[in-house]
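Visitor: Heads up, my numbering is the position in the sequence shown plus 34, with the first residue counted as 1.
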Amino acid sequence: MEDELSAEIATLEKVKDAVERLHREGRKATANAVISAIGGGSKPTVLKHLQTLRKPAEAADDQMPSSVLDLAKPVIAEIFAQGIKAEELRQRESQERFHRVMGDLEAQIEEIAEAGEVLETANGRLTQKLEERTSNLATARRTIAEQQTHIERLQSDLTRLQSDLAQRNAAATEQITGLLDDLGTKIAGIAGRLESAPPVQADDKVKKENKEQEG
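1. Please classify L199: is it buried, with 16 or more other beta-carbons within 10 angstroms of its beta-carbon, or exposed?
2. Which residues in the same chain as A141 place their Cβ atom closer than 7 Å to its Cβ, once the five residues preceding and following it in sequence are excluded?
3. Just the C-alpha distance for G158 and S76, rounded to the nearest angstrom, thanks.
4. Which whole-angstrom value is the C-beta distance of A44 and H83, which I expect to be below 8 Å?
5. Run the CB neighbour count on V80, radius 10 Å, all protein chains shown included, and call it buried at 16 or more, exposed below.
6. Name the two residues that bound the continuous alpha helix (DSSP H) containing E47.
7. Where does I43 sit, in a helix, a strand or coil, going by DSSP?
8. Between S169 and L46, what straight-line distance do the alpha-carbon atoms span, to the nearest angstrom?
9. Just the Cα atoms here: how many angstroms apart are T193 and L160?
10. Would you identify the three-state DSSP class for E229, choosing helix, strand or coil?
11. How is the alpha helix (DSSP H) around A67 delimited, first residue to last?
12. Under 8 Å, do R134 and H57 count as touching if we go by C-beta distance?
13. Considering only residues of the same chain and omitting the five flanking positions on each side of A52, which have a CB-CB separation below 6 Å?
Below you can see the structure in the form of structure tokens.
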């Protein structure tokens with residue numbers, strides 16, 4: 035639907051009027067300039083109309099019969115002279131038109147070249163960004179790999195420390211158990227000796243202590 039509306043806006047007659055107006059203003063009749071002058075239109079349609087307008091009109095090939103030519107020689111001489119003048123004028127107009135067309139084409143080529151430079155610049159930026167992203171990704175992958183190696187090393191150290199701690203705990207538990215067993219045996223021996231010792235009289239003990247103090 036939009037293409038149809040654009041085609042209706044950019045008719046051949048409107049494009050022709052726009053080209054003539056641009057030339058009168060001393061401007062190049064490029065496709066963009068024509069579209070701006072007529073207020074819209076499809077660029078392919080405008081380019082097609084510009085190509086049509088640039089084709090020279092084909093001259094009609096009408097030949098006069100020889101009988102009429104013999105009767106009209108005086109008139110033909112005058113017509114021939116005027117035709118030469120008209121041909122010279124037509125050639126001058128054709129040359130001017132050719133120069134205008136060439137100017138339009140050169141301007142169009144400049145627009146295309148500018149668009150190409152813009153695209154090339156954008157492509158360069160995108161390529162640079164892609165290279166930066168690729169480099170950042172490679173750096174991130176290396177960092178992740180290094181961190182993974184460090185984590186694996188820490189896990190290995192933790193496993194080894196846990197094993198050493200378990201062995202030391204087992205040895206300490208075994209040592210404490212042995213000490214407790216020895217202590218129990220000693221306590222049992224002391225208790226046995228206390229039970230087998232003769233009882234000590236309290237009075238005799240007090241007398242003995244007093245005697246020692248007096249002496």
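Heads up, the beta-carbon is just placed ideally off N, CA and C, and yes, glycines get one too.
This structure is a prediction, so every number in the text was calculated from the model and none was measured.
Guide: Quick look at the numbers:
1. exposed
2. K62, T64
3. 30 Å
4. 7 Å
5. buried
6. 46-58
7. helix
8. 54 Å
9. 49 Å
10. helix
11. 65-72
12. yes
13. V68, A71, I72
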